[in-house]
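*Asks:* Handing you a structure now.
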Amino acid sequence: MNTLVRNVALTVAAAVALLALTYGLTPFRNYQLATAAAYLCATAGLTILTGLSGQLSLGHGALMATGAYPVALAQNEFRDRDITGGWVLPVSLAIGVATALVAGLVVGLAAARLRGPYLAGVTLAVAVIVPALTTAFDSVFNGDQGLSVYIEPPPLSLGYSFPNERWQAWIALTGALLTMLLLANLVRSRFGRHFRAVRDDEIAARLAGINVARTQVLAFVVSAACAGLGGGLLAVLAQSVSPGAFSLTLSLFLVMAVVIGGLGRLAGAVWGALLLVLLPEASHSLTEALSLSPAAAQRLDGNLPLAIFGITLITVMLLAPGGIQGLLARVAGMVGAKRAKQHTPGR
Amino acid sequence: MDRFVFLTFDGLSRGAVYAAFALALVLIWRGARIVNFAQGAMAIATVYAAYSVTSATGSYWLGFGAALLCGLALGVVVERGVMRFVGHTSPLNAVIVALGLVLVIQAVLGMVYGNEFRPSEAPFSRTAFTVGGLAFLSRYDVFVFAAVVALMVGLGLLFTRTPVGLRLRAAAFAPEVSRLLGVNVAGMRTLAWALASAVGALAAMLVVPTGLGIHPTSMDLVFVTAFTAAVVGGLDSPLGAVAGGLAVGLVLSYVSGYAGAEMTPVAVLLLLLAVLLVRPSGLFSGVAARRV
């Protein structure tokens, strides 16, 4: 079957299933689903970059910020001018994506000339320094306080009692599904093959007529645009943006999510995004179950997810570099091999 | 002019610390071909150890010694416990594992000490001497210079004049040949990590009292700056790291003096990008072929 047809069919099926799911979930779970969808945009973009084209970016949290702040500024500008309508939010998100795209182009142009630890260092610098820009230009970004984001309530045609969280889930899921559809096609396209060729052997790729630098920049731009959309969606969900939300920790979390999910596999990005939402919640309920003193509980609550993420990251990297999706593929492969053996006649 | 002189001395004092921290990165890079992205987190952990010892005993110097010992121990633990087992198929692996360590160390510090900023006291006054109306160095700056110079001389003697230093260099330069000649290469690698971690601890002890405060993440920007310094000098060159550190310190001091302190992070990023785009191997390194 044609890849495009298959991917569109899969996306439509996923959309229908998720639509049904949003009706079955409580508002809190819907909000979590929406957050996971926003993270998915970023983790999927990072998977393309790190897994497919072999460039590590520690700065995707910051690239999310470059997508989120323009959304906040645009939304508030539209509100101040009394411009409303269903097209306003998509336009704001598009502005955010465009800004992240430009930021990605700048970083990508530098990154295409760098390898290994140098690339990691530059992107780490981006992750640490971009949040600091909000203080340097605090007349626009309002420093550590950040900006609030005006979001219109769900349209009245959906009914008066339509829960806001379900509406948010719809917005975020739409973004995530579109991203996944685009990326799934990209992976199977000429560009996807170029990415893999460059990752596996630069010289061979160059000999085969691939422009290595241009391919790497393209990967960075696509990835940054996805991260920007994710950041914009997060801003919409939280209805605020602040540098604290896009700290170095977020960038490291994204790397972790991609590594644990399985580098280079788009399905792994889904696992990563879900982990990013569910692990903090799990550790929160764990600290509540321990019945500690309030001070101790507060310390543990904020830091336990970090510790779990860090330990998981190290363990996965040392023991199972393929991540969750790699393990699943391996198990599926083993089961498939067994079946094939049983069906082989004469043995 | 007064201001320029003051900023120059201030920049050299900052630069000395960046130089020490960059030196820690270079030590590990030469020994293990790994850029230790966990260096900042490891260093702030030793500062917390010093904080505990100082609050318990009341003596700054006991805390200072504790930080250095803790640095040595942490380097050994990290190398023997984690980094030794990292696969070498891709240089990304070591980076990712180091980042995992950053998360773990920051989380543990947050759990034990809490996530609020703690003030850190300098052992000497930070008010600058004035000579003929010109503000020069503070006593603390002098202490920083003395400590960093002692460190450089000590490391220089260790690497060039002692048998251990010779083995360290041999193990880093040609691991296989050294192993055949009876050098304990794995042991030397552990020693390099321990030394680097202690150097990082010293740098952190020197930089934290200059307005950073003790917080699990307060070394993040210092790490990025020191990485910039190491890249300016070339990751392979200890002398380059020192020169790079001083240069970066001066640039940042001028930027923060003339354009405002909040612009220094931007300056770090621009400097790093500029150096990497113009001369990725560093200003002080020889020409090396990229391995593919």
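Sequence order for the protein chains is A and B. Position 223 of the first sequence, counting from 1, maps to 1002 under our numbering, and the rest follow consecutively. Position 74 of the second sequence, counting from 1, maps to 83 under our numbering, and the rest follow consecutively. Even glycine gets a Cβ: it sits at the ideal position worked out from N, Cα and C. Because the structure is a prediction, the values reported are computed rather than measured.
Helix, strand or coil for Phe970(A)? Go by DSSP, reduced to three states.
*Replies:* Translated into positions along the first sequence, residue 970(A) becomes position 191. Three-state DSSP puts Phe970(A) in a helix.
*Asks:* How would you label Ser1072(A), buried or exposed, when you count the other beta carbons within 10 angstroms and need 16 or more for buried?
*Replies:* Walking along the first sequence from the start, residue 1072(A) turns up at place 293. Ser1072(A) should be labelled exposed.
*Asks:* Report the residue ranges of all beta strand (DSSP E) runs contained in full by the stretch 136 to 161 of chain B; include only those spanning at least 3 residues, in chain order.
*Replies:* 137 to 140, 143 to 147
*Asks:* Output yes if chain A places a C-beta closer than 8 Å to the C-beta of Leu221(B); else output no.
*Replies:* Within the second sequence, numbered from 1, the residue matching residue 221(B) stands at position 212. No, its Cβ sits nowhere closer than 8 Å to a Cβ of chain A.
*Asks:* Using the Cβ count rule (16 or more neighbours within 10 Å means buried), how would you classify Met1113(A)?
*Replies:* Within the first sequence, the letter at position 334 stands for residue 1113(A). Exposed is the call here.
*Asks:* Would you say Phe1088(A) faces chain B, with C-beta separation under 8 Å as the test?
*Replies:* Within the first sequence, the letter at position 309 stands for residue 1088(A). Judged by the 8 Å Cβ criterion, Phe1088(A) is in contact with chain B.
*Asks:* Answer yes or no: does any C-beta atom of chain A fall closer than 8 Å to that of Val308(B)?
*Replies:* Outside the modelled stretch of chain B, which goes from 10 to 301, sits residue 308(B), for which no answer is possible.
*Asks:* Straight-line CA distance for Leu1055(A) to Ala815(A)?
*Replies:* By one-based count along the first sequence, residue 1055(A) stands at place 276. By one-based count along the first sequence, residue 815(A) stands at place 36. The alpha-carbon atoms of Leu1055(A) and Ala815(A) are separated by roughly 7 Å.
*Asks:* Do three or more CB pairs link the stretch 815 to 832 of chain A to the stretch 1024 to 1042 of chain A at distances below 8 Å?
*Replies:* yes
*Asks:* Could you tell me whether any Cβ in chain A is nearer than 8 Å to the Cβ of Leu204(B)?
*Replies:* Taking the second sequence and counting its residues from 1, the one referred to as residue 204(B) is at position 195. No - not a single Cβ of chain A is within 8 Å of the one on Leu204(B).
*Asks:* So with CB distances below 8 Å, who are the chain A contacts of Leu36(B)?
*Replies:* Start at 1 with the first residue of the second sequence, and residue 36(B) comes out as number 27. In chain order: nothing, as chain A lies at least about 14 Å away.
*Asks:* Take Glu981(A) and list the residues in its own chain whose beta-carbon comes closer than 6 Å to its own, dropping the five residues that flank it on each side.
*Replies:* The residue you call residue 981(A) lines up with position 202 of the first sequence. Closer than 6 Å at Cβ, skipping near neighbours: Val991.
*Asks:* Answer yes or no: does any C-beta atom of chain D fall closer than 8 Å to that of Pro896(A)?
*Replies:* As a matter of chain content, chain D is missing from the structure shown, whose protein chains are A and B.
*Asks:* Which partner residues of Arg127(B) appear in the DSSP bridge assignment?
*Replies:* The residue you call residue 127(B) lines up with position 118 of the second sequence. The bridge partners DSSP lists for Arg127(B) are Ile223(B).
*Asks:* CA-CA distance, Glu185(B) and Val284(B)?
*Replies:* One-based indexing of the second sequence puts residue 185(B) at position 176. One-based indexing of the second sequence puts residue 284(B) at position 275. Approximately 33 Å, taken between the alpha carbons.
*Asks:* Between the C-alpha atoms of Ser927(A) and Ser1019(A), what's the straight-line distance to the nearest angstrom?
*Replies:* Locating residue 927(A) in the first sequence gives position 148, counting from the first residue. Locating residue 1019(A) in the first sequence gives position 240, counting from the first residue. Whole-angstrom Cα-Cα distance: 4 Å.
*Asks:* Mind pulling the alpha helix (DSSP H) runs of 4 or more residues that sit fully within the stretch 887 to 922 of chain A?
*Replies:* 895 to 915, 917 to 920
*Asks:* State yes or no: is the beta carbon of Ile105(B) nearer than 8 Å to at least one beta carbon in chain A?
*Replies:* On the second sequence, position 96 is the one that residue 105(B) refers to. By this cut-off, Ile105(B) is an interface position.
*Asks:* Give the residues of chain A in contact with Val14(B), contact being defined as C-beta atoms less than 8 Å apart.
*Replies:* Sequence index remark: in the second sequence, residue 14(B) carries index 5 (1-based). Those within 8 Å of Val14(B) in chain A number zero; the least Cβ separation is about 26 Å.
*Asks:* In three-state DSSP terms, what is Ser1019(A)?
*Replies:* Taking the first residue of the first sequence as 1, we reach residue 1019(A) at position 240. Three-state result, Ser1019(A): strand.
*Asks:* Answer yes or no: do Ile874(A) and Pro849(A) have a C-beta to C-beta separation smaller than 8 Å?
*Replies:* For the purposes of this step, residue 874(A) is taken as the residue at position 95 of the first sequence. For the purposes of this step, residue 849(A) is taken as the residue at position 70 of the first sequence. A distance below 8 Å separates the beta carbons of Ile874(A) and Pro849(A).
*Asks:* Taking only beta-carbon atoms, is Gly1125(A) less than 8 Å away from chain B?
*Replies:* Position 346 of the first sequence, counting from 1, holds the residue named residue 1125(A). Per-residue confidence for Gly1125(A) stands at a pLDDT of 45, beneath the threshold of 50, marking its modelled position as unreliable; the derived number appears in the next sentence. Cβ-Cβ to chain B under 8 Å: no for Gly1125(A).
*Asks:* Would you list the residues sitting across from Ser936(A) in a DSSP beta bridge?
*Replies:* Position 157 of the first sequence, counted from the first residue, corresponds to residue 936(A). According to DSSP, which records beta bridges pairwise, Ser936(A) is partnered with nothing at all.
*Asks:* Can you grab the Cα-Cα spacing for the pair Ala203(B) / Gly49(B), in whole Å?
*Replies:* In the second sequence, residue 203(B) corresponds to position 194, counting from 1. In the second sequence, residue 49(B) corresponds to position 40, counting from 1. C-alpha separation (whole angstroms): 14 Å.
*Asks:* Who are the neighbours of Phe236(B) on chain A, taking C-beta pairs under 7 Å?
*Replies:* Position 227 of the second sequence, counted from the first residue, corresponds to residue 236(B). Simply Gly900.
*Asks:* Find out if the Cβ-Cβ distance for the pair Leu177(B), Ala201(B) is shorter than 8 Å.
*Replies:* Here the question's residue 177(B) lines up with position 168 in the second sequence. Here the question's residue 201(B) lines up with position 192 in the second sequence. Their beta carbons are under 8 Å apart, which means Leu177(B) touches Ala201(B) by this criterion.
*Asks:* Just to confirm, is the Cβ distance from Glu125(B) to Pro218(B) under 8 Å?
*Replies:* Here residue 125(B) corresponds to residue number 116 of the second sequence, with the count starting at 1. Here residue 218(B) corresponds to residue number 209 of the second sequence, with the count starting at 1. Not in contact: Glu125(B) and Pro218(B) (Cβ atoms no closer than 8 Å).
*Asks:* Does the count of Cβ pairs from the stretch 879 to 892 of chain A and the stretch 854 to 864 of chain A closer than 8 Å reach three?
*Replies:* no
*Asks:* My guess is that Ala904(A) and Leu898(A) are in contact by the Cβ rule of under 8 Å, so how many angstroms apart are they, rounded?
*Replies:* Taking the first sequence and counting its residues from 1, the one referred to as residue 904(A) is at position 125. Taking the first sequence and counting its residues from 1, the one referred to as residue 898(A) is at position 119. Not confirmed; about 11 Å, so no contact.
*Asks:* Ala792(A) to Trp949(A), Cα distance in whole Å?
*Replies:* As a position in the first sequence, residue 792(A) is number 13, starting the count at 1. As a position in the first sequence, residue 949(A) is number 170, starting the count at 1. Each residue's alpha carbon lies about 15 Å from the other.
*Asks:* Which value, in whole angstroms, describes the spacing of the CA atoms of Gly1127(A) and Pro1022(A)?
*Replies:* Chain A is shown only over 780 to 1126; residue 1127(A) falls outside these bounds and no answer can be derived.
*Asks:* Would Ala1051(A) and Thr863(A) be called neighbours here (beta carbons separated by less than 8 Å)?
*Replies:* Here residue 1051(A) refers to the residue found at position 272 of the first sequence. Here residue 863(A) refers to the residue found at position 84 of the first sequence. Strictly speaking, residue 1051(A) in this sequence is Gly, with Ala absent from that position. Not in contact: Gly1051(A) and Thr863(A) (Cβ atoms no closer than 8 Å).
*Asks:* Buried or exposed: where does Asp11(B) fall if 16 or more other Cβ atoms within 10 Å of its Cβ makes it buried?
*Replies:* As a first step, residue 11(B) must be located in the second sequence, where it is residue number 2. Its Cβ having fewer than 16 others within 10 Å, Asp11(B) is exposed.
*Asks:* Could you tell me the distance, in whole angstroms, from the CA atom of Ala1111(A) to the CA atom of Arg170(B)?
*Replies:* Looking up residue 1111(A) in the first sequence gives position 332. Looking up residue 170(B) in the second sequence gives position 161. A straight-line Cα-Cα distance of about 59 Å links Ala1111(A) and Arg170(B).
*Asks:* For the stretch 859 to 889 of chain A, which residues have a beta carbon sitting closer than 7 Å to at least one beta carbon of chain B?
*Replies:* Ala889
*Asks:* Whose C-alpha, out of Thr237(B), Arg42(B), Ser61(B), Ala155(B), is nearest the C-alpha of Ala183(B)?
*Replies:* Taking the second sequence and counting its residues from 1, the one referred to as residue 183(B) is at position 174. Among Thr237(B), Arg42(B), Ser61(B), Ala155(B), the Cα nearest to that of Ala183(B) belongs to Arg42(B).
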